[in-house]
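>
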Amino acid sequence: AGGQEEGNALTQLYYPQGVVVDQLGTVYVADWGNDRIMRWPKGATQGSVIVGGNGEGGQSNQLKGPIGLSFDRHGNLYVVDYGNHRVQKFNIDSYTKELFRIDFETM
Numbered sequence: 221a222g223g224q225e226e227g228n229a230l231t232q233l234y235y236p237q238g239v240v241v242d243q244l245g246t247v248y249v250a251d252w253g254n255d256r257i258m259r260w261p262k263g264a265t266q267g268s269v270i271v272g273g274n275g276e277g278g279q280s281n282q283l284k285g286p287i288g289l290s291f292d293r294h295g296n297l298y299v300v301d302y303g304n305h306r307v308q309k310f311n312i313d314s315y316t317k318e319l320f321r322i323d324f325e326t327m
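Quick note: to get the working numbering, add 220 to the position in the sequence shown (first position is 1).
#1: Among residues of its own chain, excluding the 5 on either side of Gly285, which ones have a beta-carbon nearer than 6 Å to its beta-carbon?
#2: Report the partner residues of Leu233 according to the DSSP bridge assignment.
#3: Which of the three DSSP states is assigned to Gly277 in this structure?
#4: So what's Gly267 in DSSP terms, helix, strand or just coil?
#5: How long is the line joining the alpha carbons of Leu230 and Tyr298, rounded to whole angstroms?
#6: Could you work out which residue in Gly263, Glu226, Ala250, Gln243 is closest to Gly272 when comparing CA atoms only?
#7: Which residues mark the beginning and the end of the beta strand (DSSP E) in which Asp242 is found?
#8: Tell me which same chain residues have a C-beta within less than 7 Å of the C-beta of Thr262, skipping the five on either side of it?
#9: Please state whether the Cβ-Cβ distance between Val240 and Tyr234 is less than 8 Å.
#10: Hey, would you say Gln282 sits closer than 8 Å to Asp255, going by beta carbons?
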């Protein structure tokens with residue numbers, strides 16, 4: 221994933237911060253500098269944006285410095301959205317989401 225210099229093309233990352241690989245070999249990356257979450261299926265030469273990618277911000281379709289991600293046993297994706305002081309939960313199959321607020325300053 222990435223490796224094509226820094227940038228925002230589907231073959232590039234800009235300060236990646238977190239990575240998860242699922243049981244099928246699909247790679248998910250928290251792309252901090254591009255405010256997005258990318259997915260690379262096993263063997264793919266370019267990724268796809270599955271969360272964010274709509275510029276930096278705090279709207280429901282935006283991220284601001286994602287730094288980590290994880291999946292639960294139900295396949296829900298949790299994204300640590302550092303700049304917005306929140307953790308968002310996404311069902312990437314149905315594209316629904318829930319929002320959890322976490323105050324990083326008191327942790």
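Even for Gly, the Cβ is constructed at its ideal location relative to N, Cα and C.
Taking the structure as given:
#1: Trp252, Tyr302, Gly303
#2: Glu226
#3: coil
#4: coil
#5: 22 Å
#6: Ala250
#7: Asp242 -> no beta strand (DSSP E), and no H or E assigned at all.
#8: Looking at the sequence itself, residue 262 is Lys, so the reference to Thr does not match. Taken in chain order, the residues that qualify are Leu244, Gly245, Thr246.
#9: no
#10: yes
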